[in-house]
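*Asks:* With our numbering, you'll find the sequence shown wraps up at 157, consecutive numbering, no jumps. We put the CB at the ideal spot given by N, CA and C, even for glycine.
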Amino acid sequence: NWAEIARVLTPGGSFLSQQIGAGQQLELINAMMGPHKPGAQRSTDTAIARATEAGLDVVELSSETLRSEFFDIGAIVYFLRKVLWTVPDFTVDRYREQLRALHERILAEGSFVSSAPRFLIEARKPG
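Shown next as structure tokens:
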């Protein structure tokens, strides 16, 4: 919550945070659950707007999209069991058809690639 960050920072103090960007694992979500749109609440524009609304100055913003590359279906199952929010109702039985399709895709293409956008934001409370 940007208002809370602004409240606890001393004048001239900085807040530095790495955040998950819009479209986190979107390719994997789409493969499992069908077409989805990236959430606007995770965009860099939204972060800048909320920080600014809270009275902070954004002094640095950088973003990067990382690759999550899966070479077998077991790795995807493991990932989905550990990163529960990717496919919230995931079970192997419930998603057997989608997993089979991904397995065939991995066999044909050698891997399945999904993206992991991140951004680093530094906001400062005016001094």
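Taking its Cβ as the centre, do 16 or more other Cβ atoms sit within 10 Å of GLY104, making it buried, or is it exposed?
*Replies:* Your numbering for residue 104 matches position 74 in the sequence shown. With fewer than 16 other Cβ atoms within 10 Å, it is exposed.
*Asks:* Whose C-beta lies closer than 6 Å to the C-beta of VAL88 among residues of the same chain, with five residues either side of it excluded?
*Replies:* By one-based count along the sequence shown, residue 88 stands at place 58. Excluding residues within five positions, the ones whose Cβ falls inside 6 Å are ILE78, ALA81, ALA153.
*Asks:* Quick check: what's the CA-CA separation for TYR108 versus SER98?
*Replies:* Looking up residue 108 in the sequence shown gives position 78. Looking up residue 98 in the sequence shown gives position 68. If I take the Cα positions, the gap works out to 13 Å.
*Asks:* Apart from the five residues just before and just after ILE151, which ones in its own chain have a Cβ nearer than 6 Å to its Cβ?
*Replies:* Along the sequence shown, one-based indexing puts residue 151 at 121. These residues qualify, in order along the chain: SER47, ALA77, LEU91.
*Asks:* Might you give, ordered along the chain, the residues of its own chain that have their beta carbon closer than 8 Å to the beta carbon of GLY43, omitting 5 neighbours on each side?
*Replies:* One-based indexing of the sequence shown puts residue 43 at position 13. These residues qualify, in order along the chain: ARG154, LYS155.
*Asks:* On the criterion of 16 or more Cβ atoms from any shown chain inside 10 Å, does THR121 qualify as buried, or is it exposed?
*Replies:* Reading the sequence shown from its first residue, position 91 is the one you call residue 121. When all chains shown are included, THR121 counts as exposed.
*Asks:* Determine the direct distance from the alpha carbon of GLN128 to that of PHE149, and round the result to whole angstroms.
*Replies:* Mapped onto the sequence shown, residue 149 falls at position 119. Mapped onto the sequence shown, residue 128 falls at position 98. PHE149 and GLN128: Cα-Cα distance of roughly 30 Å.
*Asks:* Does DSSP classify PHE45 as helix, strand or coil?
*Replies:* As a working mapping, residue 45 is identified with position 15 in the sequence shown. DSSP places PHE45 in strand when its eight states are reduced to three.
*Asks:* Given that a residue counts as buried once 16 or more other Cβ atoms are within 10 Å of its Cβ, and exposed if not, what is LEU96?
*Replies:* Position 66 of the sequence shown, counted from the first residue, corresponds to residue 96. By the neighbour-count criterion, in which 16 or more other beta carbons inside 10 Å mark a residue as buried, LEU96 falls on the exposed side.
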